[in-house]
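Undergrad: Using this note's numbering, the first residue of the sequence shown is number 38, and each one after it goes up by one.
Starting off with a structure, shown below.
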Amino acid sequence: MIITNTETVPGKRLVEHYGLVQGSTIRAKNIGRDLMAGMKNLVGGELKGYTELLQESRDQAIERMVKQAAELGANAVVNVRFSTSSVAAGAAEILCYGTAVLMEEEHASTGTPPPLPPTEAY
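Given below as structure tokens:
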């Protein structure tokens, strides 16, 4: 599955447009991470627990979006964006959304054969 934040993919052309797909997850902070974050705020530095939580959340949201796109028959999601919002005290939603499409190689519709691979010099 091709996932991109652009409208086009080099070497591909749009064949079918399936519409909006999305994936989301809501995650809550835990007390252990909050305590460590509070101490890091005093001395400075990266809040690694929150960084890991955010990365896991993004990955899960993407996975859910891709599953929805595949169920529609898409092989790509274009114009992918992320959004976050607070839904309750200590909990936030990560939303990933884009447009599900079917793409094919540009040469496939013209009837011309694909370009030959470069030859190696010996």
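Ideal Cβ placement from N, Cα and C applies to all residues, glycine included.
Could you give the C-beta distance for Val-115 and Thr-43, rounded to a whole number, given that I count them as a contact under 8 Å?
TA: Taking the sequence shown and counting its residues from 1, one reaches residue 115 at position 78. Taking the sequence shown and counting its residues from 1, one reaches residue 43 at position 6. Between Thr-43 and Val-115 the Cβ distance is about 7 Å, and since that is below 8 Å, they are a contact.
Undergrad: Mind pulling the beta strand (DSSP E) runs of 3 or more residues that sit fully within the segment 99 to 145?
TA: Counting whole runs of 3 or more residues, the segment 99 to 145 contains the beta strand (DSSP E) stretches 113 to 125 and 128 to 142.
Undergrad: If we ignore side chains and look at the alpha-carbon of each, how far apart do Leu-132 and Ser-120 end up?
TA: The sequence position of residue 132 within the sequence shown is 95, counting from 1. The sequence position of residue 120 within the sequence shown is 83, counting from 1. C-alpha separation (whole angstroms): 5 Å.
Undergrad: Which two residues bound the contiguous beta strand (DSSP E) that contains Val-58?
TA: Your numbering for residue 58 matches position 21 in the sequence shown. Segment 49 to 65, the beta strand (DSSP E) holding Val-58.
Undergrad: Round the Cβ separation of Gln-105 and Val-58 to the nearest angstrom and send it over; I've been treating them as touching at under 8 Å.
TA: Residue 105 sits at position 68 when you count from the first residue of the sequence shown. Residue 58 sits at position 21 when you count from the first residue of the sequence shown. That belief holds up - the Cβ atoms of Gln-105 and Val-58 are roughly 4 Å apart, short of 8 Å.
Undergrad: Tell me whether the beta-carbon of Ala-107 lies closer than 8 Å to the beta-carbon of Met-140.
TA: Position 70 of the sequence shown holds residue 107. Position 103 of the sequence shown holds residue 140. In this structure, Met-140 does not lie closer than 8 Å to Ala-107 by Cβ.
Undergrad: Assuming Ser-94 contacts Arg-118 (C-beta within less than 8 Å), just tell me the rounded distance between them.
TA: Here the question's residue 94 lines up with position 57 in the sequence shown. Here the question's residue 118 lines up with position 81 in the sequence shown. Actually they do not touch by this definition, with Cβ atoms about 15 Å apart.
Undergrad: Between the Cα of Phe-138 and the Cα atoms of Val-124, Leu-91 and Gly-110, which residue gives the shortest distance?
TA: Residue numbering aside, residue 138 sits at position 101 when the sequence shown is read from its first letter. In the sequence as presented, Phe is not what sits at residue 138; that position holds Val. Ranking the options by Cα distance to Val-138, first place goes to Gly-110.
Undergrad: Using DSSP with H/G/I as helix, E/B as strand and the rest coil, what is Met-38?
TA: On the sequence shown, residue 38 is found 1 positions in, with the first residue counted as 1. Note: Met-38 maps to coil in three-state DSSP.
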